Amino acid sequence: MALKYSVFTILFLLALSELYVLIAARTSEKLKVCLPHGGWLVGRHWTSHKGRHVRAFMGVPYALPPVGDLRFKPPVPFGSWSGERLAIRDSEVCIHRDTFTRQTQIVGSEDCLYLNVYTPEKPRTSKPLPVMVNIHGGGFISGSGVSSYYAPDFLLDHDIILVSGNYRLGTLGFLSTETLDCPGNFGLKDQSLILRWIQQNIAAFGGDPNSVTIFGNSAGGASVTYQLVSSLSEGLFHKAIVQSGSYYNPWAQPEHKGIPAKRARKVAQLVGCNPEENWQNILRCLRTKDASDVVATLYEFFEWDFDPMMPFQPVVEPPHEGAFLTVLPRDDGMPHGFSLPLMIGVTSEEGLLRSVPLLTVPGLLTDFKNQFRKILPISLQYDHHKPEVRDEITQQIEQFYFKEGHNYDKQNHQNLTDLYSDGWFVAGIDEYIKQRVEAQNSKQLPPFYVY
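Residue numbers (mature numbering (1 follows the signal peptide of the UniProt record, and there is no 0)): -25 to -1, 1 to 426.
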């Protein structure tokens, strides 16, 4: 009886709390913003780390739900509404299964293209505030921009506006036929549309559309480097911060020609579509399938444990209006983003992302040692090379990191961690820095900072 009473009390208090938030939102003019199209957003109160009062506008739609005929297509702007729209709760996360936590459950919704805007309730200045746009990480297969992932608690101690949004992930965000039928990069196009939404709407929140900084970590950092080269996003932001990811990292590089189309046909086969049909018929069939069934196919592309880490990556698209990327970033001589100020860097032990499961999941380390020459090319994603080239790369890596043999365990894992720090993160960041330095030497460009 006491337990039932306790549960009832908790539910009652939660309902009362929700009612308070709703009433406060409806009655406070401070929490209302009129957008340029005439519709209103009604937000809620938030409190920063140091107790500063913040306005939070949550679950704001920036694109139509990418469902049905809009699946595997570029995002379509949401458009306008009349009257007031409540913006007091996070949206659903984009549907995914989190391989980093070895999650078996599929979570989220396909209807997920929403963003959050956080603003100080009482800025210390009357000038428009600089805007920071967070692009979340998660390897292009997981993560979200909702407050439970990226809250404004610390940044909103300062006079800035923070925007954080969702973009499509995994198969639904990056499947490509390598043709105009389904060119790919939909998750990156979602990010670009968020930036366009900011240009059109952020002034209504007190933000400066001429001072927009994009930043992200891991896949978010790699996404920032992609936004810096895509003509689709040119002029939509003015500074960038790249953390632990670039388009040179093996898990973020544009996929090799022929592989995306091959994987698209495999997805079709896995969900019961005929992979031998033409692309129009395959896509028509894929759009009828349950989103969770499409997402579940991701696990069928791992060749060893959860490697290759990201089976669905950005791609080079056929040239067309609305394309995000039509040439390899390394071949784009002077991307528009090279004229913008940049901060870039990595942390000291990035490779723990891989070495920890190797050392803690039963049997994984033994398998890794016994099949090192087979597994490493898959794990570091250089298995597309000819066998003799693959073997030479593996031998050089082995000689550099494991001079004394594969004698790593929980007490002696640094060489293993270093291998994955360098292979998955540091080398790609270093390559991007070199590209920027070469551009810097040939042209008068703004400074960039490495940390």
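Built from N, CA and C at the ideal position, the CB exists for glycine as well.
None of the values given here were measured: they were computed from a predicted structure.
Over the uninterrupted alpha helix (DSSP H) stretch that includes residue i, give me the two end residues.
i    : result
I350 : 347 to 354
F423 : Premise fails: F423 lies in the beta strand (DSSP E), 423 to 425, not in any alpha helix (DSSP H).
V8   : No alpha helix (DSSP H) holds V8; the beta strand (DSSP E) holding it covers 7 to 9.
R305 : First-last for R305: undefined, no H or E at that position.
S151 : No alpha helix (DSSP H) contains S151, which DSSP labels as neither H nor E.
R171 : 161 to 176
V331 : 327 to 335
Q389 : 389 to 396
Could you tell me whether the Cβ atoms of residue i and residue j are closer together than 7 Å?
i    : j    : result
T94  : I136 : yes
A266 : E67  : no
V17  : E59  : yes
L163 : F313 : no
G140 : G120 : yes
S396 : G320 : no
G14  : L104 : no
K409 : H381 : no
S208 : S167 : yes
Q218 : N192 : yes
Y383 : L394 : no
M318 : I173 : no
S117 : D165 : no
P36  : F53  : yes
H388 : H231 : no
Determine which residues share a DSSP beta bridge with residue i and list them.
i           : result
residue 427 : There is no way to answer for residue 427, as the model of the chain reaches only from -25 to 426.
N109        : S139, F190
K214        : T188
G182        : L104
Grab the span of the beta strand (DSSP E) containing residue i for me, first residue to last.
i    : result
K409 : Segment 402 to 417 is the alpha helix (DSSP H) holding K409; no beta strand (DSSP E) there.
F375 : Counting along the chain, F375 falls outside any beta strand (DSSP E), though it belongs to the alpha helix (DSSP H) covering 362 to 376.
I319 : 317 to 320
Let me check understanding here. Comparing Cα to Cα, which of the options lies closest to residue i?
i           : options                : result
V82         : I70, P352, K344        : I70
V291        : S151, L39, H111        : S151
A194        : Q386, H111, T272       : H111
R99         : Y424, V29, Y383        : V29
A38         : L61, L90, C9, K5       : L90
Y142        : L261, K5, I177, F161   : F161
V288        : L104, Y223, F313       : Residue 288 is actually Gln in this sequence, not Val. Closest option to Q288, Cα to Cα, is Y223.
R77         : I404, R329, Q410       : R329
R27         : G54, H133, N192        : H133
Q175        : P11, N345, E325        : P11
L6          : K97, P49, W399, P250   : K97
L315        : M285, G54, S57, V199   : V199
E413        : D268, G308, A236       : G308
Q324        : L391, T369, Q371       : Rather than Gln, the amino acid found at residue 324 in this sequence is Glu. Ranking L391, T369, Q371 by Cα distance to E324 puts L391 first.
T22         : L131, D65, I234        : L131
L261        : Y274, V242, W279       : V242
N256        : V270, T272, A239, Q356 : A239
V269        : V246, N253, W254, E373 : V246
A271        : S57, T146, P283, W279  : T146
T263        : P286, M33, D44, G34    : D44
F347        : V331, P332, D366       : D366
E373        : L355, N253, Q386, G54  : L355
residue 428 : P332, P293, E252, S186 : Residue coverage of the chain in this structure runs from -25 to 426, which leaves residue 428 outside it and unanswerable.
R305        : T341, V8, R171, S205   : S205
A126        : V106, T335, S101, M33  : M33
M284        : L340, K378, I353       : I353
G155        : R171, A236, H231       : Correcting the residue type first, residue 155 is Leu in the shown sequence and not Gly. Of the candidates R171, A236, H231, the one whose C-alpha sits nearest the C-alpha of L155 is A236.
R171        : P158, C157, F212, F149 : F212
S186        : A197, G210, G196       : G210
I177        : V138, S123, Y201       : V138
L88         : P50, M107, P225, F276  : P50
Does any heavy atom of the ligand FAD sit closer than 6 Å to the C-beta of residue i?
i    : result
Q346 : The ligand FAD is not among the ligands present in this structure, which contains no ligands whatsoever.
Which ranges would you report for the beta strand (DSSP E) in the segment 21 to 97 if only whole runs of at least 3 residues count?
-> 28 to 36, 59 to 61, 89 to 95
Counting only runs that start and end within the segment 222 to 281, where is the alpha helix (DSSP H) found for 4 or more residues in a row?
-> 234 to 245, 254 to 261, 266 to 271
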